[in-house]
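Q: Numbering (the working numbering), first residue to last: 545 to 636.
Where is the CB? At the ideal position from N, CA and C, for every residue including glycine.
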Amino acid sequence: MADSENEPDMEQMLKELKKLRLQASLQKNLSSELGRQKLISDEAQELALEKAKELDKMVKKLKLESQLRKNLSSEMERQKEIAVEAQELATE
């Protein structure tokens, strides 16, 4: 009689044990997945920072090139004016 009374309790405990094992397994899997996602996120952030630095360098380079073109254009205009003045002086 005692065995039949303990049988439902034993079944209930086995169900609870299976449930707890499944829960532990799911938590372990979730922890592993979160770790993997964090690693991916860290790598993506590092790559984004590298790309941002590259873009900053490109922007600085383009600004410098633009300034050089502007200065070159101004210098060429000045040289042209000097040449015209020299030609006018030579023809006088």
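#1: Identify whether E590 lies in helix, strand or coil by the three-state DSSP scheme.
#2: Between K595 and K601, what straight-line distance do the alpha-carbon atoms span, to the nearest angstrom?
#3: With H, G and I counted as helix, E and B as strand and the rest as coil, what does DSSP make of E636?
#4: Quick check: the Cα distance between Q571 and A592, rounded to an integer number of angstroms?
#5: Among the residues of its own chain, which have a CB less than 7 Å from the CB of A630, if the five just before and after it don't count?
A: On the basis of the supplied data:
#1: Taking the sequence shown and counting its residues from 1, the one referred to as residue 590 is at position 46. In this structure, E590 counts as helix in the three-state DSSP scheme.
#2: For this step, residue 595 is matched to residue 51 along the sequence shown. For this step, residue 601 is matched to residue 57 along the sequence shown. For K595 and K601, the distance between alpha carbons rounds to 10 Å.
#3: Counting from one through the sequence shown, the residue named residue 636 turns up at place 92. E636: coil per DSSP, three-state reduction.
#4: Counting from one through the sequence shown, the residue named residue 571 turns up at place 27. Counting from one through the sequence shown, the residue named residue 592 turns up at place 48. Cα to Cα, the separation comes out at about 31 Å.
#5: The residue given as residue 630 occupies position 86 in the sequence shown. Closer than 7 Å at Cβ, skipping near neighbours: no residue.
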